[in-house]
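A quick write-up on the structure given underneath.
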Amino acid sequence: MGKHRTTHWPLSLASIGSIRFARRSSNFADTVRFYRELVGLPLHETFGDSYGSNGAIFGLPSWNLTMEIVESVEPVAVDPHEQLCLYFPDQHAQQAAIARLEAASCPRAEQHPYWAAMGAVTYRDPDGREVVFAPFVYGVNEPDGSSASGTHEFPSN
């Protein structure tokens with residue numbers, strides 16, 4: 079198992095009711111379809127010409143943690159580490175989660191050596207961002223070798 083983590087959420091942030099992060103997409107329609115139909119994320123809302131933007135809001139898994147995809151008319155540069163990692167309790171749950179992607183013959187992406195060593199499966203969305211399906215939950219049931227390479231620190235507060 080992974081190292082025991084003692085870091086806790088700061089009391090000053092305890093009243094946060096939800097968290098949202100956003101990504102721009104130059105392949106908006108295909109990206110929304112990818113996350114909704116192939117990854118299976120629940121689509122909570124779409125908006126058009128809202129303050130000049132079009133977008134879609136996905137729950138991860140519900141309204142209190144959301145990912146917003148905002149349409150971009152310009153190409154969007156994607157960093158190789160700009161990933162969405164979905165952690166599953168075991169390999170069985172991981173395989174069930176990727177079933178739609180496999181059935182649609184979505185190609186698996188070449189993945190970071192860490193993910194390969196940990197048994198994860200990686201795909202790319204239409205914008206080129208990686209979506210990682212890990213067969214363990216970070217901080218709960220990580221494989222023994224998860225911090226075997228390099229230096230890892232586990233600060234506490």
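Numbers in this note's numbering are just positions in the sequence shown, counted from 1, shifted up by 78. Ideal placement from N, C-alpha and C gives every residue a C-beta, glycine not left out. Quantities reported herein were computed from a predicted structural model and do not represent experimental measurements.
With D215 as the anchor, note down where its alpha helix (DSSP H) starts and where it stops.
According to the sequence displayed, residue 215 carries Val and not Asp. Segment: none, V215 is in no alpha helix (DSSP H) and carries neither H nor E.
Using three-state DSSP, classify M79 as helix, strand or coil.
Reliability of the predicted coordinates at M79 is poor, the pLDDT of 45 falling under 50, and the value obtained from them is presented with this limitation in mind. Note: M79 maps to coil in three-state DSSP.
Exposure label - R102; buried when at least 16 CB within 10 Å
buried
Flag this pair as yes or no: are the beta carbons of G130 and I147 separated by less than 7 Å?
no
V210 beta carbon less than 7 Å from that of Q161
yes
Euclidean distance between Cα positions of L216 and Y165
Looking at the sequence itself, residue 216 is Tyr, so the reference to Leu does not match. Rounded to whole angstroms, Y216 to Y165 spans 7 Å at the Cα level.
DSSP three-state call for H122: helix, strand or coil?
strand
Taking 6 Å as the limit between beta carbons, can you name the residues of its chain near T124, skipping five residues before and five after?
A134
Can you name the start and end residues of the alpha helix (DSSP H) that R178 belongs to?
A177 to A181
Under 7 Å between C-beta atoms of L179 and L121:
no
Closest to L197 by C-alpha separation, out of R114, D108, C163 and D157, would be which residue?
Reading off the sequence shown, one finds Gly at residue 197, where the question assumed Leu. Cα-wise, what sits closest to G197 is C163.
Is the distance from the Cβ of T144 to the Cβ of R207 below 7 Å?
no
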